[in-house]
Each structure stands twice: as structure tokens, then as C-alpha cells.
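Protein chains in written order, with the working numbering: chain A, 1 to 265; chain B, 1 to 263.
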Amino acid sequence: MPLDYLDIIPAPSVKDHVSPEEWEIRVELAALYRLAAKHGYTDLGGTHFSARVPGPDDHFLLNPFGMMFAEITASSLVKVDVDGNILLDAGGHGVNAAGFTIHSSVHMARHDLICAAHTHTVAGIAVSCLNDGVLPLSQHVLRFHGRLSYHDYEGPATNLDERERIVADLGENNNIVLRNHGLMCCGRSIPEAWRNLYALEKSCEAQLQAMAMANASGRQLKFVPEDVAQATSDKIEARHGKDTVSRDWPTQIRRLDAEEPDYAT
Amino acid sequence: MPATAVDTVPSLKDKVSPEEWQTRVELAAFYRLVAQHGWDDLVGTHISARVPGTDGKEFLLNPYGLLFDEITASSLVRLDFDGNLLHESAYPVNAAGFTIHSSVLAGRPDVECAAHTHTVAGMALSAVEGTLRPVHQKALRFYNALAYHPYEGIADDPDECARLQRDLGDHDAMVLENHGLLTCGRNIRSTWALLYNLEKCCAVQVALEAAGDGIIELSDDIKQNTYQQFQRTLKNNQSGGSKLDGWESSLRLLKKQDPSFLH
Numbered sequence: 001m002p003l004d005y006l007d008i009i010p011a012p013s014v015k016d017h018v019s020p021e022e023w024e025i026r027v028e029l030a031a032l033y034r035l036a037a038k039h040g041y042t043d044l045g046g047t048h049f050s051a052r053v054p055g056p057d058d059h060f061l062l063n064p065f066g067m068m069f070a071e072i073t074a075s076s077l078v079k080v081d082v083d084g085n086i087l088l089d090a091g092g093h094g095v096n097a098a099g100f101t102i103h104s105s106v107h108m109a110r111h112d113l114i115c116a117a118h119t120h121t122v123a124g125i126a127v128s129c130l131n132d133g134v135l136p137l138s139q140h141v142l143r144f145h146g147r148l149s150y151h152d153y154e155g156p157a158t159n160l161d162e163r164e165r166i167v168a169d170l171g172e173n174n175n176i177v178l179r180n181h182g183l184m185c186c187g188r189s190i191p192e193a194w195r196n197l198y199a200l201e202k203s204c205e206a207q208l209q210a211m212a213m214a215n216a217s218g219r220q221l222k223f224v225p226e227d228v229a230q231a232t233s234d235k236i237e238a239r240h241g242k243d244t245v246s247r248d249w250p251t252q253i254r255r256l257d258a259e260e261p262d263y264a265t
Numbered sequence: 001m002p003a004t005a006v007d008t009v010p011s012l013k014d015k016v017s018p019e020e021w022q023t024r025v026e027l028a029a030f031y032r033l034v035a036q037h038g039w040d041d042l043v044g045t046h047i048s049a050r051v052p053g054t055d056g057k058e059f060l061l062n063p064y065g066l067l068f069d070e071i072t073a074s075s076l077v078r079l080d081f082d083g084n085l086l087h088e089s090a091y092p093v094n095a096a097g098f099t100i101h102s103s104v105l106a107g108r109p110d111v112e113c114a115a116h117t118h119t120v121a122g123m124a125l126s127a128v129e130g131t132l133r134p135v136h137q138k139a140l141r142f143y144n145a146l147a148y149h150p151y152e153g154i155a156d157d158p159d160e161c162a163r164l165q166r167d168l169g170d171h172d173a174m175v176l177e178n179h180g181l182l183t184c185g186r187n188i189r190s191t192w193a194l195l196y197n198l199e200k201c202c203a204v205q206v207a208l209e210a211a212g213d214g215i216i217e218l219s220d221d222i223k224q225n226t227y228q229q230f231q232r233t234l235k236n237n238q239s240g241g242s243k244l245d246g247w248e249s250s251l252r253l254l255k256k257q258d259p260s261f262l263h
């Protein structure tokens with residue numbers, strides 16, 4: 001029947017079919033998708049957030065193809081290898097392997113990065129089109145000061161050669177502006193990827209409004225002085241894994257658990 | 001909650017063909033998605049779809065006087081290209097809506113659905129000289145493929161039909177200057193995805209151009225290749241939609257939040 005799709009459930013539970021470590025990362029990644037949906041960091045069924053499955057293999061979790069971020073559950077996440085081949089897909093939705101090129105390049109080169117989140121938001125796209133890129137205009141953006149990479153646009157990211165150039169451009173940073181395209185924020189944990197994504201999106205939004213004000217009024221932007229920016233960036237980096245991440249994430253999980261607990265199924 | 005409007009319209013589910021019912025449900029969902037994104041305009045603007053099995057000669061339009069988040073499958077109004085309402089309806093259709101949608105659907109036999117909005121970003125872009133700038137991946141979907149129609153006043157003059165058709169040409173998206181946006185597609189879901197993407201492109205351009213100069217331009221090669229890639233993806237998908245549109249998932253989410261559109 002034509003409207004049968006209205007009754008499809010995301011996926012039966014895989015909790016008893018995967019390791020406890022994999023289940024935990026599935027629940028966290030599903031939470032990240034839901035948080036992104038709540039904050040409007042979505043692009044219909046497009047873009048990916050990926051996570052490395054704990055263990056010796058290069059296996060990753062990806063969103064089920066065609067599913068809005070707000071519908072994604074832990075069990076519906078699809079496990080793939082580095083080439084995008086499907087290893088576990090309980091909901092049978094498949095994956096959009098084309099967009100995985102960017103993610104797989106990062107995951108292959110950077111085993112320390114557990115999660116990579118790519119967005120096409122209005123503010124992220126707009127800042128990605130600016131020659132000057134992300135500017136040191138707010139406290140939020142200083143965590144990225146001197147730690148943000150840029151990759152020039154090459155056309156739709158389906159060319160495997162581009163992987164090497166993305167990896168080279170990312171270098172040792174965890175976050176990258178994909179020029180004329182969008183943003184990608186990674187993390188050594190999913191909570192860290194969330195914190196980076198939230199901070200960079202908000203930074204871009206504030207930067208655009210500041211630039212619009214300055215441009216229209218003829219007044220100057222106030223750049224944070226270089227020494228202050230660098231010292232603040234270093235301080236935030238040194239705190240990684242302590243209060244800045246761990247106090248934020250549980251608040252978001254509490255909210256999800258109360259409002260949409262099905263993400264963890 | 002839209003309970004009042006829903007209660008007053010009897011269900012057409014068992015009175016129309018399953019194909020028409022599907023079209024009604026999906027078109028009602030389209031209105032709800034537009035409302036959810038804040039892209040509605042009180043009772044203004046309209047989205048239309050052809051009724052299957054009528055040789056393309058009849059279409060559905062919103063009941064004029066309902067908010068988009070009150071519209072249901074059964075309350076959509078069925079009419080022909082002469083403007084005749086083909087069943088009883090407590091609400092008329094909007095005259096400008098009839099002009100715009102009958103022009104697009106009559107002039108483009110390949111089109112099954114057309115959507116028109118008055119969003120802030122769309123209106124803003126439509127009021128500034130120049131075109132949508134091909135400076136990012138999303139905008140390249142519309143590279144050399146976006147039509148423009150000059151403003152002529154409220155679109156209730158049937159003479160505007162021919163000019164709307166001429167300006168749209170073979171394109172599937174058009175800026176109605178000093179007015180808003182229009183997209184049309186081979187089915188309802190692809191028309192939604194086009195509208196979503198065009199709207200987002202307008203929002204990006206508003207932000208970008210307000211920020212001033214210093215925009216990175218792309219080479220002609222990259223622009224052309226990316227546009228071609230979008231076209232190939234579209235052609236490879238026989239239904240004219242792509243799972244990238246998240247359509248089925250969006251409708252399941254709508255159903256979960258407020259199933260009244262299914263009435």
C-alpha cells in the first residue's frame with residue numbers, strides 16, 4: 001500500500017546482538033542526532049554524523065538513509081566498514097555511502113577521533129563561503145582559535161582522491177570548515193563532538209550577525225587580541241575531558257530522556 | 001490544536017480513490033511541514049497537487065481560510081482548470097492561488113505539484129537585484145536553473161498566466177520578484193525538497209551578503225560539475241524523489257506529533 005511507510009518503525013532492538021561497548025556508543029550517537037535535530041542542525045535526510053565502534057576493527061556507525069535525525073534510534077544506526085559496506089542494518093534502510101567519503105577519510109587517519117559530525121546549516125554554510133572564515137569575535141569561538149582547519153571545495157565529495165587532501169587539511173585539529181559547503185566537527189568522544197558542534201554553530205551565527213551590524217553601521221568589529229585568544233584557547237584545550245564537557249552532556253541527556261526516550265531504543 | 005477545523009470536515013478517505021487519498025495525505029503533510037518550519041503566512045500562499053486518474057485535469061488546493069497546520073487530507077479542495085470546485089467545501093480557494101497554480105500545472109504537464117511561499121528570506125532575496133549566487137554546494141543545485149518572474153501586482157489577473165509560464169520555462173524553481181518563492185516537481189516529495197533547499201539558499205545569501213564582501217567564488221568547472229552531479233542523481237531516481245529528502249521519515253514524525261493531517 002502506498003502509505004504503508006507511515007507505519008514503519010525505525011528498527012527492532014539490537015541491544016542483545018552487539019557488545020555492551022557498541023550499544024553504549026549507539027545510544028550516545030543517537031542522542032547526538034536528536035540534539036542536532038532539536039537545535040536545527042539538520043538538512044532533511046542529508047549529511048552524516050559517524051562514530052567509531054570500540055574495538056580493533058575499523059567499523060563505524062552511520063545514520064540510516066532517508067531517516068530524519070529526529071527519528072533515529074540506537075538500533076537503527078547502520079554499522080559499516082571503511083568503504084561503506086553494510087555490516088549491521090536492523091532497520092533495513094541502507095546508508096548514503098556518497099557522503100561517507102569525508103568521514104571515512106577522517107576516521108582512517110585519526111583513530112583518536114571517535115565521532116565526526118558534518119552539517120549544512122545556514123550559518124555554517126554562510127561562514128564557509130567567507131574568505132576570512134571563522135573570526136575570533138566571541139568567547140565561544142576561542143576554543144577553535146589556532147585549532148581550526150579549512151578544506152577548499154572540490155565539487156560533490158565522491159572522489160576518493162579527496163580523502164587524502166581532507167586528511168592533510170585537517171592535520172592535528174579536530175574541527176574543519178568545508179569551504180563553500182558546511183562544517184565538520186569531531187571529538188575524541190561523542191560529548192566532545194557535541195560540544196564542538198554546538199560552539200562552532202553558535203559562533204558562526206553570532207559572527208554573521210556581528211558582521212551584518214558592522215557592515216551596515218560602518219562601525220568596526222572587535223577582534224579578541226591575539227594573546228588573549230591564544231591563552232583562552234590553550235586553557236579550554238587543557239580542560240578537555242574535565243568540567244567543560246562532562247557537565248554539559250548529562251544535562252542534554254536528561255532532557256532527551258524526559259522528552260524523547262525512544263532515542264535509546 | 002486544529003480540532004475545530006478537523007471536526008467540521010467529513011472524511012473523504014472512503015469516498016475517493018486510494019491514489020487520490022495518498023495525494024491528499026501527502027499534500028496535507030506538505031502544508032504541515034511548511035508550518036512546522038515557520039514558512040507559512042497566516043492563510044496566505046498555497047501548495048497544489050494534481051489528482052491522479054483525472055488525465056492531469058484536476059488539482060487540489062488549500063481551503064482558503066485555514067492555517068497550514070489546520071489543513072487535513074479531507075479539507076483540501078479539488079478543482080479544475082476553469083476554477084470550478086468539484087465537491088462541496090466550507091471554504092473557497094484563493095484567486096491568486098488559482099492563477100499561480102493553474103498556470104504552472106497547465107503549462108507543465110511534467111509537473112505534479114507546485115509550492116509557493118512568502119518567507120522572510122525568500123521575500124528579501126526577491127527584493128534585491130541580482131540572482132541566487134552559486135557560491136556553495138547547496139546553491140549549485142539551482143546554478144543557471146532558477147527562473148525569475150517580475151512583480152505585476154496581486155496575481156488574480158488571468159493574463160499573468162502566460163507570463164508566469166514563459167518565465168518559469170523548463171525550470172523547477174522560480175523567484176517571484178518582490179513577492180516570494182515557487183518550486184514545482186514531478187511529485188510532492190521532490191517539490192518539498194526543492195522548496196526546503198531554495199529557502200535555505202535564500203537564508204544563506206541574506207546572511208552572506210549582509211556580512212559584506214569577501215565571498216569565495218567557485219570556478220566554472222566546479223559549478224558545472226556539481227550541477228550535473230545533482231541532475232544525474234535526480235535522473236537516476238525514477239520516482240523523481242530521493243531518500244535525501246527524508247520524506248517518509250518526516251511524515252512518520254508528523255504523525256507522531258499531530259496525526260490530524262491524516263483526517
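Glycine included, C-beta positions come from ideal geometry on N, C-alpha and C.
- Hey, is N225 (chain B)'s beta-carbon within less than 7 Å of any beta-carbon in chain A? yes
- Query: Taking a cut of 7 Å between CB atoms, which residues from the region 238-260 of chain B lie near chain A?
  - Reply: K243, L244, D245, G246, E248, S249, S250, L251, R252, L253 and K255
- Query: R179 (chain A) touches chain B at which residues, Cβ-Cβ below 8 Å?
  - Reply: I216
- Task: Would you kindly report the start and end of the unbroken beta strand (DSSP E) that includes E152 (chain B)?
- Result: Note, E152 (chain B): premise wrong, no beta strand (DSSP E); not H, not E.
- Task: Would you kindly work out how many angstroms separate the C-alpha atoms of L148 (chain A) and C185 (chain A), rounded to a whole number?
- Result: 10 Å
- Mind pulling the chain B residues with CB within less than 8 Å of S128 (chain A)? H136
- Query: Would you call the region 19-35 of chain B and the region 172-189 of chain B in contact, with 3 or more CB pairs under 8 Å?
  - Reply: yes
- Query: Sorted by chain position, which residues of the same chain lie with C-beta nearer than 7 Å to G146 (chain A)'s C-beta, five sequence neighbours on each side aside?
  - Reply: Q230 and S233
- Query: So, is T8 (chain B) buried or exposed, given that buried needs 16 or more other C-beta atoms within 10 angstroms?
  - Reply: exposed
- Message: Taking beta-carbon pairs under 8 Å, can you tell me which members of the region 145-157 of chain B lie near chain A?
- Response: none
- Query: Anyone know if the C-beta pair for H46 (chain B) and G122 (chain B) falls short of 7 Å?
  - Reply: no
- Query: Should N131 (chain A) be flagged as near chain B, meaning a C-beta pair shorter than 7 Å?
  - Reply: yes
- R24 (chain B) versus B:Y64, B:L76 and B:G44, residue with shortest Cα-Cα distance: B:L76
- Message: Suppose contacts are defined by Cβ-Cβ distances below 7 Å. Is S128 (chain A) in contact with R52 (chain A) by that definition?
- Response: no
- Item | Straight-line Cα distance separating I222 (chain B) from L251 (chain B) | 35 Å
- Query: Starting from S75 (chain B) and walking both ways along the alpha helix (DSSP H), at which residues does that stretch end?
  - Reply: Per DSSP, S75 (chain B) belongs to no alpha helix (DSSP H) and is neither H nor E.
- Message: Strictly by DSSP, which residues pair up with M184 (chain A)?
- Response: A:H118 and A:I176
- So, are the CB atoms of V204 (chain B) and V122 (chain A) less than 7 Å apart? yes
- Message: Please report the distance separating the alpha-carbon of G214 (chain B) from that of D132 (chain A).
- Response: 7 Å
- Using DSSP with H/G/I as helix, E/B as strand and the rest coil, what is G44 (chain B)? strand
- Report yes if the C-beta distance between V14 (chain A) and A90 (chain A) is below 7 Å; otherwise report no. yes
- Message: Would F65 (chain A) pass as an interface residue toward chain B - the criterion being a Cβ-Cβ separation below 7 Å?
- Response: yes
- Task: Tell me where the alpha helix (DSSP H) around A173 (chain B) begins and ends.
- Result: Careful: A173 (chain B) lies outside any alpha helix (DSSP H), inside the beta strand (DSSP E) at A173 to L176.
- Message: So Q22 (chain B) contacts chain A; which residues on that side make the cut at Cβ distance below 8 Å?
- Response: P2 and L3
- Task: Please report how far the alpha carbon of A90 (chain B) lies from the alpha carbon of W247 (chain B), in whole angstroms.
- Result: 30 Å
- Residues of its chain near N173 (chain A), where Cβ-Cβ distance is below 7 Å and the 5 sequence neighbours each way are ignored: R147, L148 and S149
- Item | Identified DSSP bridge partners for T183 (chain B) | B:A115 and B:A173
- Task: With a 10 Å radius around its C-beta and 16 neighbouring C-beta atoms as the bar for buried, classify Y41 (chain A) as buried or exposed.
- Result: buried
- Query: Which chain E residues are close to G218 (chain A), counting only those with a beta carbon under 8 Å from its beta carbon?
  - Reply: No chain E is part of this structure, whose protein chains are labelled A and B.
- Item | Reference A173 (chain B), options B:F142, B:D40, B:C161 and B:K243, closest by Cα | B:F142
- Task: For K79 (chain A), name the three-state secondary structure that DSSP assigns.
- Result: strand
- Residues near R34 (chain A) by beta carbon distance below 8 Å, same chain, minus five either side: F69, A70, I72, L256, E260 and Y263
- Report yes if the C-beta distance between L198 (chain B) and L176 (chain B) is below 7 Å; otherwise report no. no
- Message: I need the straight-line Cα distance from G218 (chain A) to A124 (chain B), nearest angstrom please.
- Response: 22 Å
- Item | Within chain B, the residues that Q33 (chain A) reaches when beta carbons sit closer than 7 Å | In the sequence on display, residue 33 (chain A) carries Tyr and not Gln. Ordered by position in chain B, no residue passes the 7 Å Cβ test against Y33 (chain A), which lies about 12 Å from the chain.
- Helix, strand or coil: how does DSSP classify H151 (chain A) here? strand
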